[in-house]
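Engineer: Attaching a single structure in structure tokens format; questions to follow.
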Amino acid sequence: MALNNTYDARLVQQETALGAGVQILVLTLLGTAIGMGPAGWLTGLAFAVATWAVLSRALHRSRLRSFGPANRVTLGRSILVGGVTALVADSFQSPPPLSLLVGLTAVALILDGVDGKVARRTGTSTALGARFDMEVDAFLILVLSVYVSMAHGPWVLLIGGMRYAFVAAARFWPWLNAPLPPSTARKTVAATQGVFLLVAASGLLPHLAATAVVATALATLVWSFGRDVLWLYRTSQVEEVVATEELVAA
Numbered sequence: 001m002a003l004n005n006t007y008d009a010r011l012v013q014q015e016t017a018l019g020a021g022v023q024i025l026v027l028t029l030l031g032t033a034i035g036m037g038p039a040g041w042l043t044g045l046a047f048a049v050a051t052w053a054v055l056s057r058a059l060h061r062s063r064l065r066s067f068g069p070a071n072r073v074t075l076g077r078s079i080l081v082g083g084v085t086a087l088v089a090d091s092f093q094s095p096p097p098l099s100l101l102v103g104l105t106a107v108a109l110i111l112d113g114v115d116g117k118v119a120r121r122t123g124t125s126t127a128l129g130a131r132f133d134m135e136v137d138a139f140l141i142l143v144l145s146v147y148v149s150m151a152h153g154p155w156v157l158l159i160g161g162m163r164y165a166f167v168a169a170a171r172f173w174p175w176l177n178a179p180l181p182p183s184t185a186r187k188t189v190a191a192t193q194g195v196f197l198l199v200a201a202s203g204l205l206p207h208l209a210a211t212a213v214v215a216t217a218l219a220t221l222v223w224s225f226g227r228d229v230l231w232l233y234r235t236s237q238v239e240e241v242v243a244t245e246e247l248v249a250a
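All residue numbers for the sequence shown refer to the numbering used here, where the first residue is 1 and numbers rise by one.
This is the structure in structure tokens:
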């Protein structure tokens, strides 16, 4: 199925406004159910507004007619992540219901495997969709790492912050922006971070066992990022040598 690339600003606004509206509805339901405090409300609303603004701008720049079915699934995941974010922010004042936090997170993680399949089956894969999916994943990992760090120490924040540190480093070392070859190991490590953090957050394991799970997640993530950075660096060096030789030959 081919994408309809006719850009319609009105439809774009409908897509993003609907997502923001549903996000506010979810926050209202959560607030009513658990008596969420100001921190949770403000953080959840900030997430809704930021998501609406970023998606509106991205759609405007991409000139796509709408999200498409796959990106609507990702939008649904982002709404769940917004709920998790509000619960984690509220947890600094009072512990959230673990069943609610675990349930929202689990559904968001399960849906992570759905949007890609929908995109492939409907022929609606786009660069915007891939980036949207990646950003939702990264932010969920960051939020979970914040929550788990309250029980296991600030070192857990390395899990959530590593991807953002990589993006920041790429501003100083452009060779980090080069495309990476496909890797099943990289995808597996990325997919398991949320699962490991969710297990630790659930309270089902003894504290020491949960710490071991989180430490395993961090170790695999460091290995994955380290391998990719090394590959990018070596590739950049080879390209620099080739460019120098071509310049000398010319």
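Each residue gets a CB set at the ideal place from its N, CA and C atoms; glycine is no exception.
What's the gap between the Cα of V195 and the Cα of V118?
Structural biologist: Indexing the sequence shown from 1 puts residue 195 at position 195. Indexing the sequence shown from 1 puts residue 118 at position 118. C-alpha separation (whole angstroms): 22 Å.
Engineer: Tell me whether D112 sits in a helix, a strand or coil according to DSSP, three-state version.
Structural biologist: Here residue 112 is taken as the residue at index 112 of the sequence shown, counted from 1. Looking at D112 - three-state DSSP - the assignment turns out to be coil, as it is neither helix nor strand.
Engineer: Does the distance from the C-beta atom of D90 to that of M134 stay below 8 Å?
Structural biologist: Residue 90 sits at position 90 when you count from the first residue of the sequence shown. Residue 134 sits at position 134 when you count from the first residue of the sequence shown. Not a contact, by the Cβ cut-off of 8 Å.
Engineer: With a threshold of 16 other CB atoms inside 10 Å of the CB of W52, please say whether the residue is buried or exposed.
Structural biologist: Within the sequence shown, the letter at position 52 stands for residue 52. Flag for W52 reads buried.
Engineer: Below 8 Å on the Cβ atoms is my contact criterion, and I expect T43 with V136 to pass it. Report the Cβ-Cβ distance as a whole number of Å.
Structural biologist: If you number the sequence shown from 1, residue 43 lands on position 43. If you number the sequence shown from 1, residue 136 lands on position 136. Wrong, their Cβ atoms sit about 16 Å apart, outside the cutoff.
Engineer: Can you tell me whether S94 is helix, strand or coil according to DSSP?
Structural biologist: Translated into positions along the sequence shown, residue 94 becomes position 94. Reduced to three states, the DSSP call for S94 is coil.
Engineer: In or out: E239 buried (at least 16 other Cβ within 10 Å) or exposed?
Structural biologist: Numbered from 1 along the sequence shown, position 239 holds the residue referred to as residue 239. Label assigned to E239: exposed.
Engineer: As an exercise, report each continuous alpha helix (DSSP H) stretch of at least 4 residues that is fully enclosed by the stretch 153-204, in chain order.
Structural biologist: With a minimum length of 4 residues, the continuous alpha helix (DSSP H) runs that stay inside the stretch 153-204 are 157-172 and 184-202.
Engineer: In whole angstroms, what separates the C-alpha of P181 from that of T124?
Structural biologist: As a position in the sequence shown, residue 181 is number 181, starting the count at 1. As a position in the sequence shown, residue 124 is number 124, starting the count at 1. If I take the Cα positions, the gap works out to 22 Å.
Engineer: Since I believe I79 is in contact with Q14 (beta carbons under 8 Å), could you give me their beta-carbon distance rounded to a whole number of angstroms?
Structural biologist: Working through the sequence shown from its first residue, we reach residue 14 at position 14. Working through the sequence shown from its first residue, we reach residue 79 at position 79. That pair is no contact at about 16 Å.
Engineer: Flag this pair as touching only if the stretch 47-62 and the stretch 94-104 have three or more C-beta atom pairs under 8 Å; answer yes or no.
Structural biologist: Touching, no, given that fewer than three Cβ pairs across the two stretches are closer than 8 Å.
Engineer: Shortest alpha-carbon distance to Q193 belongs to which of R163, V229 and P179?
Structural biologist: The residue you call residue 193 lines up with position 193 of the sequence shown. The residue with the shortest Cα to Cα distance from Q193 is R163.
Engineer: Taking G76 and G129 to be in contact with their CB atoms under 8 Å, please state how far apart those CB atoms are, rounded to whole angstroms.
Structural biologist: Locating residue 76 in the sequence shown gives position 76, counting from the first residue. Locating residue 129 in the sequence shown gives position 129, counting from the first residue. Incorrect: roughly 13 Å between the Cβ atoms, too far for contact.
Engineer: Would you tell me roughly how many angstroms separate the C-alpha atoms of T235 and V229, rounded to the nearest one?
Structural biologist: Here residue 235 refers to the residue found at position 235 of the sequence shown. Here residue 229 refers to the residue found at position 229 of the sequence shown. Their Cα atoms are separated by approximately 10 Å.
Engineer: Jot down the residue ranges of each uninterrupted alpha helix (DSSP H) in the stretch 5-83, minimum 4 residues, whole runs only, in chain order.
Structural biologist: Runs of the alpha helix (DSSP H) inside the stretch 5-83: 9-34 and 38-62.
Engineer: Using only alpha-carbon positions, find the residue among L98, R72 and T216 that is nearest to L111.
Structural biologist: For the purposes of this step, residue 111 is taken as the residue at position 111 of the sequence shown. When only C-alpha atoms are compared, the closest one is R72.
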